[in-house]
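Letter by letter, the sequence shown follows residues 45 to 172 of the numbering used here. Glycine is no exception: its CB is placed at the ideal position from the N, C-alpha and C atoms. Note that this is a predicted model, so its numbers are computed, not measured. Please read the structure below before turning to the comments.
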Amino acid sequence: MPPIYYSGVGGGSMPRRTKGSLEREVRAVLTAASQPLTPGQVRDALGGDLAYTTVLTVLSRLFEKGEVARETLGRGYAYTAPYDAAELAARRMALMLDDEADREAVLTRFVHGLQPEDEHLLRGLLSQ
């Protein structure tokens, strides 16, 4: 998807990220890291063009959603990604299913909405 542009101060144009793309970028940086990273290290890994407070806000929101873990480091925190992308997607799906009263209806609609190859894959996994 191409970037969305908005008019900046002084008539310039700056690209605007699509919804959720910054969170995905932050999670990707944390997943690739071999050790917990501070917000400053995450900012640097993203290219350093973001405000420190922006990165800190994203990390805090991801922590509140349970998508990243953090540990105390000095007076702040260092963050890690405890789940890979597939595990995170599976957790989200399970949480969404838990929020619905009629699980059978949700699962039925989910299966009927799958592409044939995905349905075949799911049926194979369920038969194991």
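Who does L120 pair with in a DSSP beta bridge? Reading off the sequence, residue 120 comes out as Gly, not Leu. DSSP output for G120 lists L117 as bridge partner(s).
Residue burial classification, A125 (beta-carbon count within 10 angstroms, cutoff 16): Burial call: buried.
Buried versus exposed call for P83 [16 or more other C-beta atoms within 10 Å across all chains shown]: When all chains shown are included, P83 counts as buried.
I want to check one thing, is the minimum distance from the CB of R61 to the heavy atoms of the ligand NAD below 7 Å? Absence of the ligand NAD is noted for the structure shown, with no ligands found whatsoever.
Cα separation between R119 and S65? Between the alpha carbons of R119 and S65 lies a gap of roughly 29 Å.
Are the Cβ atoms of V86 and Y127 separated by less than 8 Å? Cβ atoms of V86 and Y127: not closer than 8 Å.
According to the Cβ coordinates, are L106 and E67 closer than 8 Å? Less than 8 Å divides the Cβ of L106 from the Cβ of E67.
Below 8 Å CB to CB, which residues in the same chain sit around R114 once its five sequence neighbours on both sides are set aside? P80, L103, F107, Y121, A122, Y123 and T124.
Looking only at C-alpha atoms, which of E69, E163 and L117 sits nearest to V99? Of E69, E163 and L117, the residue nearest in Cα terms is E69.
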